[in-house]
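Asks: The following block contains the structure, expressed as structure tokens.
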Amino acid sequence: MSNFKKLFGDTKPVIAMVHLNALPGSPLYDQEGGVEAIVEAARKDLKALQDADVDAVMFGNENDRPYELKVDTASTATMAYVIGCLRSEIEKPFGVNVLWDPMSSVALAAAVGASFLREILTGTYASDMGPWTPNAGEAMRYRNRLGRPDIAMLNNVSAEFAYSLDRRELSERARSAVFSSIPDAVLVSGAITGEAANISDLEAVKRVLPTTPVLANTGVKHETVADVLKVADGCIVGSSFKVDGHTWNPVDPARAAEFMQIAKRVRKA
60 MSNFKKLFGD
70 TKPVIAMVHL
80 NALPGSPLYD
90 QEGGVEAIVE
100 AARKDLKALQ
110 DADVDAVMFG
120 NENDRPYELK
130 VDTASTATMA
140 YVIGCLRSEI
150 EKPFGVNVLW
160 DPMSSVALAA
170 AVGASFLREI
180 LTGTYASDMG
190 PWTPNAGEAM
200 RYRNRLGRPD
210 IAMLNNVSAE
220 FAYSLDRREL
230 SERARSAVFS
240 SIPDAVLVSG
250 AITGEAANIS
260 DLEAVKRVLP
270 TTPVLANTGV
280 KHETVADVLK
290 VADGCIVGSS
300 FKVDGHTWNP
310 VDPARAAEFM
320 QIAKRVRKA
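Counted the way my numbering counts, the sequence shown spans residues 60 to 328.
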């Protein structure tokens with residue numbers, strides 16, 4: 060049984076994003092507010108999401124634009140500090156994602172006791188950040204060397220902000236990645252953060268991976284979550300929980316609660 064299934068069973072989890080404010084060194088960092096402002100904003104979002112009864116949370120550095128394929132050590136260290144400040148308040152299973160750096164994501168997950176991580180682990184891409192060639196073997200061996208083989212590896216097989224140079228169909232790339240790189244779950248994304256994955260892509264990937272968890276990674280909305288969860292084994296949600304549905308806004312408690320009510324009705328049915 061995969062680490063993902065051990066963690067979530069067959070619940071079709073809704074994993075909610077805690078998008079950290081820009082970290083030190085990145086162009087959008089708020090020097091006046093400092094790191095403590097990052098902690099306080101994350102604390103408010105975490106509380107709102109847990110009050111809405113999401114199934115899990117994931118801490119990510121989406122605001123660290125322009126993105127990097129190998130992040131500064133300070134970024135990972137600051138994320139560890141922020142999560143450490145909130146650790147006693149985290150009531151749900153939690154994961155991490157250091158964009159777009161699998162090794163830093165593994166290191167962070169191991170350091171803070173995360174249950175899962177999300178990253179691009181396989182494939183070859185032309186991207187906004189330049190040539191993109193992740194190494195699943197390196198990342199998973201690093202996870203095990205750090206004594207955390209239990210960390211669930213969520214492999215996004217359709218990278219945002221990028222074009223796959225592997226011209227096989229997405230479903231074939233996903234099937235191959237599961238065979239060669241043994242992720243715990245496969246994620247299907249839209250073109251950029253907040254944009255929906257095509258239902259047809261989810262259907263095609265799920266069709267060839269009937270026993271592997273397949274999740275919608277981006278763009279799931281209140282009006283689409285019912286259709287998504289009929290196909291996918293869960294979803295990762297960020298923008299739809301935010302004020303006005305805008306990625307860079309804080310979490311709106313009412314929107315989050317309404318989304319979870321819809322998701323729960325769908326799962327129950």
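Even for Gly, the Cβ is constructed at its ideal location relative to N, Cα and C.
1. Residues in the same chain with beta-carbon distance under 7 Å from V290, minus the five sequence neighbours each way, listed in chain order, please.
2. Short of 7 Å in beta carbon distance, which residues of its chain neighbour V312, apart from the five on each side in sequence? Order them along the chain.
3. For Y88, write down the residues that DSSP places opposite it in a beta bridge.
4. Please report how far the alpha carbon of E254 lies from the alpha carbon of G278, in whole angstroms.
5. For D123, which residues in the same chain have their Cβ closer than 7 Å to its Cβ, ignoring the five residues on either side in sequence?
6. Thinking C-beta only, is S248 closer than 8 Å to E219?
7. What are the boundary residues of the alpha helix (DSSP H) that includes I241?
8. Applying the 10 Å Cβ sphere with the 16-neighbour rule, what's the burial state of I251?
9. Out of G293, D292, W307, which has the shortest C-alpha to C-alpha gap to S299?
10. Label N203 either buried or exposed according to how many other C-beta atoms from any shown protein chain fall within 10 Å of its C-beta, with 16 as the threshold for buried.
11. For H78, which beta-bridge partners are listed by DSSP?
12. Nearest-angstrom Cα distance between M117 and L213?
13. Considering just the uninterrupted stretch of the alpha helix (DSSP H) at V165, what are its terminal residues?
14. What number of angstroms, rounded off, separates the C-alpha of E317 from the C-alpha of I295?
15. Quick one: what does DSSP say Y201 is sitting in, helix, strand or coil?
16. Are the CB atoms of A101 and V77 nearer to each other than 8 Å?
17. If we ignore side chains and look at the alpha-carbon of each, how far apart do A139 and A166 end up?
18. Using a beta-carbon distance below 8 Å, is Y126 in contact with chain D?
19. Please determine, among L288, N120, D114, I241, the residue with the shortest C-alpha to C-alpha distance to I210.
Replies: The answer reads as follows:
1. Cβ within range, chain order: I258, L261, E262, K265.
2. Position check: residue 312 holds Pro in this sequence, whereas Val was assumed. Around P312: A107, D110, A111.
3. For Y88, which the question treats as bridged, DSSP gives no partner whatsoever.
4. 4 Å
5. Taken in chain order, the residues that qualify are A81, L82, S85, S134, L158.
6. yes
7. The continuous stretches of alpha helix (DSSP H) do not include I241, and DSSP gives it neither H nor E.
8. exposed
9. Closest option to S299, Cα to Cα, is W307.
10. exposed
11. According to DSSP, H78 bridges with G119.
12. 12 Å
13. It spans 161-171 - the alpha helix (DSSP H) in which V165 sits, taken as one unbroken run.
14. So the two alpha carbons sit approximately 16 Å from each other.
15. helix
16. yes
17. Rounded to whole angstroms, the gap between the alpha carbons of A139 and A166 is 10 Å.
18. In the structure shown, chain D cannot be found, because there is only a single protein chain.
19. I241
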